[in-house]
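Please read the structure below before turning to the comments.
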Amino acid sequence: MPPVSPPEILAPAGDWDTLRAGLAAGADAVYFGLDDGFNARARAQNFVSEDLDAIVRACHDAGARAYLTFNTLVFEAELPVVEALLRRAAQAGVDALIVQDPAVCLLAQAVCPALELHASTQMTVSSAEGARFAARLGVTRVVLPRELTTEQVRRVRQGTDLELEVFVHGALCVSWSGQCLTSEAWGGRSANRGQCAQSCRLPYELLVDGERRPLGEARYLLSPRDLAAHMSVPELMDIGVHTLKIEGRLKGAAYVVTAVEAMRRWVDAIARGRHTTDEARATLAEDTGEMRRVYSRGFTGGFLGGTDHQTFVDGRFPKHRGAPLGTVEAVRGREVVVGPGEAVAAPPMAPPESELSPRAGMGVSFDSGDPADTNEPGGRIFEVEAQGAGRFVLRFGEPGPELARVRPGQRVWVSGDPRAVARAERLVRGPAPAGRVACALVVRGQAGEPLRATLSAGGASVSGGTEALLEPARSGDGLSAELLAAKLGGLGGTAYRLESLDCADLEPGLFVPTSALKALRRELASALDARREADRRRPVWEGDATASTRDALRAALRTARPARPAPAEPQVVALCRTPAQLEAAIAAGLAEVELDWMELVGLRKATQRAREAGLRVVLATTRVQKPGEEGFGKPLEALSPDGVLLRHWAALEHLRDLAEPPVLHGDFSLNVTNSLTAMHLLGLGLDTFTVSHDLDERQLRSLLDAVPAERAAVVVHHHIPTFHTEHCVYAHVLSEGRDSKTCGTPCDRHALSLVDPKGLAHPVITDVGCRNTVFEARAQSAATLVPDLITRGVRRFRVELVRETGAETETVLAAYTALVKGQISPRTCTDRVGVHEQFGVVRGVARSMAAT
Numbered sequence: 071m072p073p074v075s076p077p078e079i080l081a082p083a084g085d086w087d088t089l090r091a092g093l094a095a096g097a098d099a100v101y102f103g104l105d106d107g108f109n110a111r112a113r114a115q116n117f118v119s120e121d122l123d124a125i126v127r128a129c130h131d132a133g134a135r136a137y138l139t140f141n142t143l144v145f146e147a148e149l150p151v152v153e154a155l156l157r158r159a160a161q162a163g164v165d166a167l168i169v170q171d172p173a174v175c176l177l178a179q180a181v182c183p184a185l186e187l188h189a190s191t192q193m194t195v196s197s198a199e200g201a202r203f204a205a206r207l208g209v210t211r212v213v214l215p216r217e218l219t220t221e222q223v224r225r226v227r228q229g230t231d232l233e234l235e236v237f238v239h240g241a242l243c244v245s246w247s248g249q250c251l252t253s254e255a256w257g258g259r260s261a262n263r264g265q266c267a268q269s270c271r272l273p274y275e276l277l278v279d280g281e282r283r284p285l286g287e288a289r290y291l292l293s294p295r296d297l298a299a300h301m302s303v304p305e306l307m308d309i310g311v312h313t314l315k316i317e318g319r320l321k322g323a324a325y326v327v328t329a330v331e332a333m334r335r336w337v338d339a340i341a342r343g344r345h346t347t348d349e350a351r352a353t354l355a356e357d358t359g360e361m362r363r364v365y366s367r368g369f370t371g372g373f374l375g376g377t378d379h380q381t382f383v384d385g386r387f388p389k390h391r392g393a394p395l396g397t398v399e400a401v402r403g404r405e406v407v408v409g410p411g412e413a414v415a416a417p418p419m420a421p422p423e424s425e426l427s428p429r430a431g432m433g434v435s436f437d438s439g440d441p442a443d444t445n446e447p448g449g450r451i452f453e454v455e456a457q458g459a460g461r462f463v464l465r466f467g468e469p470g471p472e473l474a475r476v477r478p479g480q481r482v483w484v485s486g487d488p489r490a491v492a493r494a495e496r497l498v499r500g501p502a503p504a505g506r507v508a509c510a511l512v513v514r515g516q517a518g519e520p521l522r523a524t525l526s527a528g529g530a531s532v533s534g535g536t537e538a539l540l541e542p543a544r545s546g547d548g549l550s551a552e553l554l555a556a557k558l559g560g561l562g563g564t565a566y567r568l569e570s571l572d573c574a575d576l577e578p579g580l581f582v583p584t585s586a587l588k589a590l591r592r593e594l595a596s597a598l599d600a601r602r603e604a605d606r607r608r609p610v611w612e613g614d615a616t617a618s619t620r621d622a623l624r625a626a627l628r629t630a631r632p633a634r635p636a637p638a639e640p641q642v643v644a645l646c647r648t649p650a651q652l653e654a655a656i657a658a659g660l661a662e663v664e665l666d667w668m669e670l671v672g673l674r675k676a677t678q679r680a681r682e683a684g685l686r687v688v689l690a691t692t693r694v695q696k697p698g699e700e701g702f703g704k705p706l707e708a709l710s711p712d713g714v715l716l717r718h719w720a721a722l723e724h725l726r727d728l729a730e731p732p733v734l735h736g737d738f739s740l741n742v743t744n745s746l747t748a749m750h751l752l753g754l755g756l757d758t759f760t761v762s763h764d765l766d767e768r769q770l771r772s773l774l775d776a777v778p779a780e781r782a783a784v785v786v787h788h789h790i791p792t793f794h795t796e797h798c799v800y801a802h803v804l805s806e807g808r809d810s811k812t813c814g815t816p817c818d819r820h821a822l823s824l825v826d827p828k829g830l831a832h833p834v835i836t837d838v839g840c841r842n843t844v845f846e847a848r849a850q851s852a853a854t855l856v857p858d859l860i861t862r863g864v865r866r867f868r869v870e871l872v873r874e875t876g877a878e879t880e881t882v883l884a885a886y887t888a889l890v891k892g893q894i895s896p897r898t899c900t901d902r903v904g905v906h907e908q909f910g911v912v913r914g915v916a917r918s919m920a921a922t
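Okay, so the sequence shown: first residue is 71 according to my numbering, each after it adds one.
Next up, the structure:
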């Protein structure tokens, strides 16, 4: 591959130490959140908004950009709070906002159109058509989902002019970002609000066709290895990806330093065309080992290099393990003999790793197969004796590891590297990076005039002149380019470095004292500091942006394509996934049914059956759509449904442009939590939207008070779809295949459920894209809300089914139909159905940020 321009390296910052670490290690940009909320790492220390000026100044002085994470959903009552924070961000000179909720984009455009907007991976923009939706919001960059391959990234690049940002290092979510609802279902809080409960890191048992399947140590079925996509970076650079992103706002300074430095060296080698050399590969291997010792659950190339369901999840542990050293052969007093461990093939596309040579001071842990053991033996090595052939004697001091609990056969991990930690601490405590901002210097002048100079950096320019006048040099060449670069362009100790010097308009053979050059240099550097400081503060509109944006959306809604009339009376709509459920819906006398045949098999027959029974038919799209999956929508269009249940942005962009689009219903996966987002989507062509599962009762009412309630759909009964994952549990545990071509499709013959630590069995169902959805074991009900929702104008109440039998479906539909008609009370409804009563997050737990 020929040399290419290096992409931006984007580092995480969860506090001041990690911010300084990222800048010192050479990051081109840093992203961070505020403790005011609205960022997807609420558990990080984060920054106070009063520090914004200092944060941005530190980044800019280091020649880096500052990106503020605004990547959560926003509730109705919080819109004014968001507006105020947007003003503060603009005035502080934040370079860009990383955004999940369309409402934040709309408000940012009103408050400060100059604010750059990046669509967070939480927005689930997974295709070029999805990027078109983001572009309508003023977005200039898309952070792509981690589920795409490099070829799919290339196809997005070919279909959009927006900048692309790709994760290349750090923790992996097993669920598609923005589509994980486990925290709502199991933790009483919202991952879309930065409060992830990390349910993916729990141990699970497996049910295969209702029978327990022993898993041995591999019980962490949804806990992925960490991403280290270095081997995909050459192709990403060739594609033209703008930014390589490192995850890790919950990690420490040593993690940030090792990750950024390793990526910096690797990217620079690729840009020079040197990455295929033995030297560059050896450097990467050394860096990989250090990164793994600092923090790692094991490394994988992720999905960028293609699907591999066998290695994406290790399954034996959910936490930092470090680098494998071997297995225990013997314990002799205060020393442990470690021999070579079981050879384990590296995951495809994982970066190379050098042979591990333990040294005194490194931390080790002894793995007995119980990662939940918080007192697992381990500690610092006091002395190492290498015996060759991968065998070491590790000696420990007092106090040290509880070696009485260490047994032959246990795996040994090197899980700490004090040298890396000490180096990070030196960088954090040392002086701020200097000389990172490239400058251009233009010098001009004639005899008898002052020497005049213009210093420019990043679009800012300042000019000045010497007090002394230019005069003919008495000896030598006078003010040569070398002398000017050294004395006038010698910007050491400042944020600047001289990149170019133009003295074409300087009369040759002239002279001014060196002291005059140094004084002018100080004047120019100080003036450039002030100019850049002033330039970064963007003007903001001081009016009521929330009210004006809402008014503009309402006006646009009046001129948009008229929505199909809402039914005069409230109705129950059943979302069916099996023929038996459809038959029960027909028998219940429903007027409309939504068909979610997740693998599309039998969909035509089901559609015909529903039509023959006189029902309106709505067909559901897949929950996400990647490049190359456009064909998944063709069977739906070919059946000419009465309506489509839209679950991703590409479907909205495609169907709204049809000459005669069907009725368009937006599903919960579009994450509508406030009136601005709702009315924006209605204005783009949705007939109805489904309120998000992230809302509690109070937040739901606030939303409905601000929108046309008859155009809102509420899910009143469902098994919440917790994980939606590209990783296939069926392929991982029931086959040896890497992907859909080699797995043998065990999903066609078996039904899986995951049993959580509380003993609840959660069904796992595949879709046409071979993605898995893990559904909550217990159905949830919003029955108590129904009378009030009807009074507020809601007309569409959805009952979603998963594996219910026909008889169970009849009971459920009969109860909710009677409830909506006012024939029974909510309590009678839930008693008949035997359901877990909960709407969205647990009442009283997920409070509004505005209320806190």
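Built from N, CA and C at the ideal position, the CB exists for glycine as well. Small disclaimer: the values here were computed from a predicted structure and weren't measured.
- Residue 787: member of the beta strand (DSSP E) spanning 782 to 788, first to last residue.
- Its Cα nearest to that of residue 211, the residue 137 stands out among 242, 180, 284 and 137.
- Between residue 337 and residue 395, the gap from beta carbon to beta carbon reaches 8 Å or more.
- When DSSP states are grouped into helix, strand and coil, residue 86 belongs to the helix group.
- In its chain, beyond the 5 residues on either side, 238, 314, 336, 337 and 340 have a beta carbon closer than 7 Å to the beta carbon of residue 303.
- Note on residue 146: 16 or more other CB atoms within 10 angstroms of its CB, so buried under the neighbour-count rule.
- Burial of residue 737 is indicated by the presence of at least 16 other C-beta atoms within 10 angstroms of its C-beta.
- Here residue 122 is actually not in contact with residue 94; their C-beta atoms are around 21 Å apart, not less than 8 Å.
- Runs of alpha helix (DSSP H) with 4 or more residues, each lying fully within the region 645 to 712, are found at 649 to 657, 673 to 682 and 704 to 708, listed in chain order.
- Contact annotation: residue 276 and residue 822 have beta-carbon atoms nearer than 8 Å.
- Residue pairing from DSSP places residue 832 in a beta bridge opposite 824.
- Rounded to whole angstroms, the separation of the alpha carbons of residue 659 and residue 860 is 20 Å.
- Taking C-alpha positions only, residue 201 is separated from residue 771 by approximately 31 Å.
- Taking 8 Å as the cut-off, the Cβ atoms of residue 96 and residue 330 count as close.
- Between residue 732 and the set 631, 598 and 563, the nearest pair of CA atoms involves 631.
- Residue ranges of uninterrupted alpha helix (DSSP H) with 4 or more members, entirely inside the region 852 to 894 and ordered along the chain, are 856 to 862 and 876 to 890.
- The alpha carbon of residue 305 has as its nearest neighbour, out of 554, 423, 77 and 836, the alpha carbon of 77.
- About 28 Å separates the beta carbon of residue 619 from that of residue 214, a gap too long to meet the 8 Å contact definition.
- According to the DSSP assignment, residue 356 belongs to the alpha helix (DSSP H) that extends over 348 to 364.
- Partner residues in the beta bridge of residue 465, as assigned by DSSP, are 405 and 453.
- Cα atoms of residue 637 and residue 663: separation of roughly 14 Å, rounded to the nearest angstrom.
- If you draw a straight line from the Cα of residue 246 to the Cα of residue 495, it comes to about 35 Å.
- A Cβ-Cβ distance of about 7 Å is found for the pair residue 185 and residue 608, placing them in contact under the 8 Å criterion.
- Residue 678 is classed as exposed because its beta carbon has fewer than 16 other beta carbons within 10 Å across all chains shown.
- In the DSSP assignment, residue 509 is bridged to 568.
- Per DSSP, the unbroken alpha helix (DSSP H) holding residue 898 starts and ends at 896 to 903.
- Taking C-beta separations shorter than 6 Å and ignoring five residues to either side along the sequence, the partners of residue 166 in its chain run 137, 186 and 188, following chain order.
- Here residue 377 is buried: its Cβ has 16 or more other Cβ atoms, across all protein chains shown, within 10 Å.
- The shortest C-alpha to C-alpha distance from residue 815 to any of 803, 825 and 824 is the one to 803.
- For residue 734 against residue 703, the beta-carbon gap comes to about 13 Å, at or over 8 Å, which does not count as contact.
- Every alpha helix (DSSP H) of 4 residues or more that sits fully in the region 119 to 192 is shown, in chain order, as 122 to 131, 149 to 162 and 172 to 181.
- For the set 142, 183, 249 and 437, the Cα lying nearest the Cα of residue 792 is the one of 249.
- In the DSSP assignment, residue 719 falls within the unbroken alpha helix (DSSP H) covering 719 to 726.
- By a beta-carbon distance limit of 8 Å, residue 530 does not contact residue 197. Their separation comes to about 38 Å.
- Taking a 10 Å sphere around the C-beta of residue 691, we find 16 or more other C-beta atoms and assign the residue as buried.
- Distance between residue 781 and residue 288, taken at the CA atoms: about 46 Å.
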